[in-house]
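First residue of the sequence shown? That's 254 in this note's numbering, and the numbers climb one at a time after it.
For glycine and all other residues, C-beta sits at the position ideal for the given N, C-alpha and C.
Keep in mind it's a predicted model, so treat the numbers as computed, not measured.
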Amino acid sequence: MLNAFRKLLRPTLRQQLEDGVRDALRRYADRRTAPDLRVYVSTDLVPEGMNAPMWARDEADHLRRFSAQWAQDNGIARAGMRVELLLLDTKREFAFVKPLGLDGPAAPAQPGQPAAPSSGMERPLVPDPPRTATASGSATLEVVSSETLRDPVRIQGEAVVGRRGEPGVLALGDRYMSGRHARIRVSGGQVTVTDLDSKNRTFVNETPIPPHQDRTMSVGDTLRMGNTVLRLARVD
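In structure tokens form, the structure reads like this:
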């Protein structure tokens, strides 16, 4: 009885998505312009009996109207603002909203307004499960195509790769990569790559990886990020 009551009080998925959209727009309100929004939803969250693509289209239309109304109510410019909803077959409940198209530093937040997040990544509505395994071992990825790299890329344990060097990021120098583009992890003789919700996505053997979903690589597989193509050559 108590569980049924809690379920009744739990916000609906639409309400959760509206909260995520509102939070994303509010974080960028100090820029006086509304960002495009990309909404990711696990297929496990689609209401039972609903046609998933049709549901995604209808929800995107609703969130677009919701965003436009919020921007209007708060005096935010919204010319050309878009809202895109992507369904991900992640085998777990997961949803989050990410603002797009606002590269560059944010203006200082006004008193009483929250500061814009440095990564542009909104908090998941359903958080990632914590990692428990310890990364170990090493892997070598040879360069197939790159405007900047010549020597193989060596990963020891785990590394986040991105466009330029910053704390905790291995810089590959590709201007078409995101700041924190992907995570490469070596553990138990296996190599996994995880897209960190990059703008131009991550591809293994030219197949795009859904954000925040691990993909195992085998020796000989290719990894494309931006204009950089690497091939897994060795795992130790």
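Residue i burial status per 10 Å Cβ neighbour count (16 or more: buried)
i, result
"G418", "exposed"
"G357", "Its pLDDT being 41, under 50, G357 is placed unreliably in this model, and the value from its coordinates should be taken loosely. Answer is exposed; the Cβ neighbour count stays below 16."
"D489", "exposed"
"M307", "exposed"
"S320", "buried"
"P272", "Here the sequence assigns Asp to residue 272, which means Pro is not the residue at that position. Its Cβ having fewer than 16 others within 10 Å, D272 is exposed."
"T460", "exposed"
"A287", "buried"
"D326", "exposed"
"P352", "buried"
Simplified DSSP state of residue i, which is helix, strand or coil
i, result
"E271", "helix"
"S398", "strand"
"D467", "coil"
"A412", "strand"
"A359", "Only weak support exists for where A359 lies, its pLDDT of 38 falling under 50; the value from the coordinates is given anyway. A359: coil per DSSP, three-state reduction."
"L449", "coil"
Beta-carbon spacing of residue i, residue j below 8 Å
i, j, result
"A348", "V414", "no"
"R484", "E395", "yes"
"V422", "R407", "no"
Paired residues, beta bridge with residue i - DSSP
i, result
"V294", "L340 and A348"
"R331", "Its beta-bridge partners do not exist; DSSP assigns none."
"T265", "Partner(s): none; T265 has no beta bridge."
Residues of its chain near residue i, where Cβ-Cβ distance is below 8 Å and the 5 sequence neighbours each way are ignored
i, result
"P405", "T393, L394, E395, V396 and A486"
6 Å CB neighbourhood of residue i in its chain, flanking five on each side removed
i, result
"L338", "V292, A309, E312 and A313"
"R317", "V336"
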